[in-house]
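Residue numbers (the numbering used here), protein chains in the order written: chain A, 3 to 646; chain B, 3 to 646.
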């Protein structure tokens, strides 16, 4: 009747891997780009739309501002990537914002960066999956009602794959990224060609919809500037995931830092190209963003591939690989979150089990925790990615700012090194370098710009949802510190550093064993026999609620002098029904009055039924007793089982 | 942070009663009638309507058949009551169908009767509560949508009162029964007076509605007879609860049997009077039953009290006390079900905890079980009593038939007794009697008639829901027998009857103690110190997953020779992640290979966090280990707690 949970686990997760199998296959640049770039590149599926979504309140005319904003964001991508190339070279063992901030700005600032990243990793999963599902429902509109269950199913699927332990290097993972990039590039080039009537292609059907402004705003007013800032902030989701490579430098083939840096540059170039291309085409095709209906990318591909032989193939290619690259982007959350969780757990700021690897050598607890939170977020926002976007990008901007501020401090240390001198920090080794001034200015500019963007994002998106993140991040930091304090206390308590104090602290064992017996039968005799082995001073205790019971116990007791001769039997007459109450009272009395500050042992006979149904037929006295005595520090409960 | 469940229990249930407080206050006839008769008398709230509900398919003309059917049922009531008076005199210690059948027809038949009664007690609660709520919604129609939540709330209220332990004798309980009887009698008399223009009262407004037949049936056809049988079967719900007095003879003042018998007769007279009165008036006022709308009783009282000063008072009086007496009737289910559960548990046919009384000396488990099932039934039937009625009355008819068949057998024993001779059965004592033949014929007639009615009810209501009961009763009997077999097996296993076999069966205790240690700290040292008290042969076992851990453990181990000098430390290198697996494997290996058929002790250091949140921060290794070893018969797990 019993389900073997282990058997189920084997089927779901597969057989365990030996720990020694964890040596890593390294990534070349082609695959590295595909793996790490899926997150920032996939942002193109929604970043342009996010900008247009803000501008549209001023009517379709205002959509012309999409392009300048997109250029600004592209410039920001270039700046951040350049800054991160410097980080990669100085933190070849992984230079996530947490490590860099910890190394240069102190633990508290690092925790702040970690909290920010944690929120962003969760949103990477929720937003990417929601957008991926939207790519599917844009192509198959009847599925739109199933958005939430589909999104949850997708998260569970990704979680399951990760629990089984995928190697980051699977070539199969590289394909969707390149297929998406190729598909979108073809769409953009085809769109440009058709727009300008090149290559004899039919011109694009123009069906410009003119939407009036839903609010009237003077273009020279503060309100207008505010709106532009909001649109800019919305587009900043394009930057999420850029930092991923800096975390994963060690995943690359040698020379790791150099390969990672090159990949970073390529990633930036591709992301910027697609972003600018999509923004340009969407604006010039006069596309209109809709609330959770067909996405801008889908509208664009639809328009470009219209009236072309093979056009449908292109359309479904782009939609399919949009969905796939977005799911792949969600998967990067599954790489980053458990890894950061591991670092935090190792340093004592998250539950220690976050650093335990499962049977398949992955951080199973982190994966499960992320899945839980991501599903909660999806349900809360009904899997509508446009509603989640205001929460997104704050975390990543905080981590950009802090990581680059850390670099500024690092340059200070480097500038004090003479040629040939090295400085070993906790995480990395620094050498003398040239042009430190310029490099420092670059990171300072990066920190400053992303800092300003952070303020803009937080301010403009505050009421739309950013307040949630503004609330959560300090809460997380507070939790990290509380957890750290707890582990500190436990470590102090368990510490064996002072030999004598340790020995003194070990409680003595009282020479008494209490055996509660409801009756004298083979089960209780078995417990008595065990108890006699433990101590010469065994006390059988029976709570007597009626005379028949007392007579029966005494009669049977007398029949087994081998076991019962020397032992006392304590009969406690009790006029209430809850005998556990009385038993607990007696045991605590013995513990505190007769043997204070010693370990008192209670041997409890426990009947073990064969299955859950049989369990319903028996009192749970042993279980209840154990639970009741659980909180008593000086009482040891031993269950002596008897099976049918 | 932790809720004290005991504190909550105290608030809900009240302080415990001492067992010695269970001596019973005895009932006089007036209160005895009120308590025991509430169930059969309250049936008048729906029994007439149940008949009319069947007849109405033939149109309003067919309702004239209500009266003859009602007379037949009244005759049945008289017959059953007379039979039961004989049962009461021969089973003064309680003559429920279970006891009588067990004493005369054997255990298996008795279980059948018990199963039948169990289903009926559940339905007593569900049907009475549903009908009681309908009395309220008939007076306040807007509440009709809240029927189900109101019904559930009523069941929970009754359950709560019973868990607190009401004495059956509360005078306050007597009032609704008499108030209901008085109200209905006044209504009937007033109705008759107005119908015949007596006492200068205004004649009744006649607004006869003529409904056509929804099916055409020849009055001489078999189909017509079938319909009349169905109507008769429907009316038989009036008989439910009649047997209650026979169960509760001991609740009466001395002479118990005589007082109980007198009360039984009065109950029958009142029930018959009301039933015939309501049926007569409902037919002559040409009332039409509606599906779950206003009840017939409400229509009747409304009509009779119309255009009379004070008429509204009468109407609300009757409705209010209909609701109250029905809730009181539901309460009888709460008296009967746990009591029968106690008998069955005592004989080993239901879970043994059904015979345990709670703090307030009531059978709490039976009360909770009944509540659970009654709520499920209410939800399943959406608290519509008309839909539940087809399930009702089958159980009670089975118990009537079996109890009276038992009496027929009993008269056989009595007839063999010579004057002055007595016969002690398991439950009662029999003496020589006169006129045994006639008395036997009476019970035989009762058994025969109720047997026939049982067949009629089952057949006519089969498709409407009686099949559920026809399925459940054998299922219950089967469960009773399975439970009995299980307890028999356990009792054999625990039996100490054979001294030598018992002593041989007690497993020896192996002289070895295994202490799994993840690390050497105060917690594990505490466990080691305890283990040393148990045995000279202590084995500390560490599962080593990396070299640092091994070096750390050995270094710390060497620092405490007081505790560790003589003990072996077993280091087990393990290349997988799930160390519990390896630990369990090792322990089972030691148990089965080194010490087969002996009790091997495992001492597990367990960290006890201060609260649930702190628990999240720690591995549950000790818990998991205990769970994994739970099924091993020869392994004893001892948790040595360490608290912050």
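Cβ atoms here follow ideal geometry from the backbone N, Cα and C, with glycine treated the same way.
Comparing alpha-carbon positions, which option in the options lies nearest residue i?
i	options	result
residue 588 (chain B)	B:540, B:518, B:623	B:518
residue 510 (chain A)	B:496, B:530, B:618	B:530
residue 554 (chain B)	B:564, B:573, B:538, B:536	B:573
residue 417 (chain B)	B:437, B:426, B:427, B:408	B:437
residue 330 (chain B)	B:596, B:146, B:176	B:176
residue 94 (chain A)	A:270, A:528, A:249	A:249
residue 148 (chain A)	A:618, A:615, A:136	A:136
residue 120 (chain B)	B:303, B:477, B:36, B:327	B:477
residue 244 (chain A)	A:499, A:90, A:520	A:90
residue 595 (chain A)	A:637, A:292, A:354	A:637
residue 191 (chain B)	B:422, B:306, B:439, B:620	B:306
residue 100 (chain A)	A:345, A:145, A:461	A:345
residue 178 (chain B)	B:38, B:392, B:483, B:458	B:38
residue 42 (chain B)	B:352, B:513, B:267	B:267
residue 392 (chain B)	B:462, B:560, B:65, B:639	B:462
Excluding five sequence neighbours on each side, which residues of the same chain lie with their C-beta closer than 8 Å to the C-beta of residue i?
i	result
residue 122 (chain B)	242, 394, 395, 396, 397, 398, 401
residue 497 (chain A)	504
residue 156 (chain B)	131, 134, 135, 329, 332
residue 163 (chain A)	333
residue 263 (chain A)	87, 90, 91
Within the same chain, show all residues whose beta-carbon is closer than 7 Å to that of residue i, passing over the 5 residues directly before and after it, in chain order.
i	result
residue 533 (chain B)	515, 517, 540, 605
residue 389 (chain A)	383
residue 536 (chain B)	515, 603
residue 645 (chain B)	610
residue 282 (chain B)	69
residue 630 (chain B)	582, 586
residue 632 (chain A)	none
Excluding the 5 residues flanking residue i on each side, which residues of the same chain have their C-beta closer than 6 Å to its C-beta?
i	result
residue 575 (chain B)	546
residue 445 (chain A)	85, 406, 409, 410
residue 181 (chain B)	323
residue 433 (chain B)	424
residue 233 (chain B)	53, 56, 57, 71
residue 301 (chain A)	289
residue 115 (chain B)	99, 100, 103, 401, 404
Quiz item: Whole beta strand (DSSP E) runs in the region 521–553 of chain A with 3 or more residues, listed along the chain?
Solution: 540–546
Quiz item: What beta strand (DSSP E) runs, 3 residues minimum, are completely inside the region 598–630 of chain B?
Solution: Within the region 598–630 of chain B, the complete beta strand (DSSP E) segments at least 3 residues long are 600–610, listed from N- to C-terminus.
Quiz prompt | Residues in the region 521–533 of chain A having any Cβ partner in chain B nearer than 9 Å | solution = Those residues of the region 521–533 of chain A that come within reach of chain B (Cβ to Cβ, closer than 9 Å) are 521, 522, 523, 524, 525, 526, 527, 528, 530, 531, 532.
Practice problem: Give a yes or no on contact between the region 621–630 of chain B and the region 592–611 of chain B, applying the rule of three or more CB pairs nearer than 8 Å. | Solution: yes
Practice problem: Answer yes if the region 31–42 of chain A comes into contact with the region 219–226 of chain A, meaning at least three C-beta pairs across the two stretches below 8 Å, and no otherwise. | Solution: no
Exercise. Can you give me, in chain order, the residues of the region 332–360 of chain B that have a beta carbon less than 8 Å from any beta carbon in chain A?
Key: 353, 354, 355, 358, 359, 360
Quiz item: Taking Cβ-Cβ distances below 7 Å as the criterion, which residues of the region 293–318 of chain A are in contact with chain B?
Solution: none
Quiz prompt | Residues, ordered as in the chain, of the region 490–503 of chain B that lie near chain A by beta-carbon distance below 8 Å | solution = Against chain A - using a Cβ distance shorter than 8 Å - the residues of the region 490–503 of chain B are 491, 492, 495, 496, 497, 498, 501.
Quiz item: Of the residues that make up the region 550–572 of chain A, which ones have a beta carbon closer than 9 Å to any beta carbon in chain B?
Solution: 558, 561, 562, 564, 565
Quiz prompt | Contact list for the region 577–600 of chain B against chain A, Cβ threshold 9 Å | solution = The region 577–600 of chain B vs chain A, Cβ under 9 Å: 577, 578, 579, 580, 583.
Quiz item: Hey, which unbroken runs of the beta strand (DSSP E) at 3 residues or more fall wholly within the region 448–519 of chain A?
Solution: 510–518
Quiz prompt | Three or more C-beta pairs below 8 Å linking the region 577–586 of chain B and the region 485–497 of chain B | solution = Under the three-pair Cβ rule at 8 Å, the region 577–586 of chain B does not count as touching the region 485–497 of chain B.
Quiz prompt | Inter-stretch contact at 8 Å, needing at least 3 Cβ pairs: the region 350–370 of chain A / the region 73–85 of chain A | solution = no
Self-check item: Cβ contact (3+ pairs, closer than 8 Å) linking the region 333–345 of chain A and the region 193–202 of chain A
Solution: Too few Cβ pairs lie closer than 8 Å, so no.
Exercise. Please go through the region 563–588 of chain A and give each complete beta strand (DSSP E) segment of 3 or more residues, from N-terminal end onward.
Key: Annotation note: the region 563–588 of chain A contains the following uninterrupted beta strand (DSSP E) runs of length 3 or greater, listed N- to C-terminal: 570–575.
Self-check item: Length at least 4, wholly inside the region 52–112 of chain A: the alpha helix (DSSP H) runs in chain order
Solution: 68–92, 99–106
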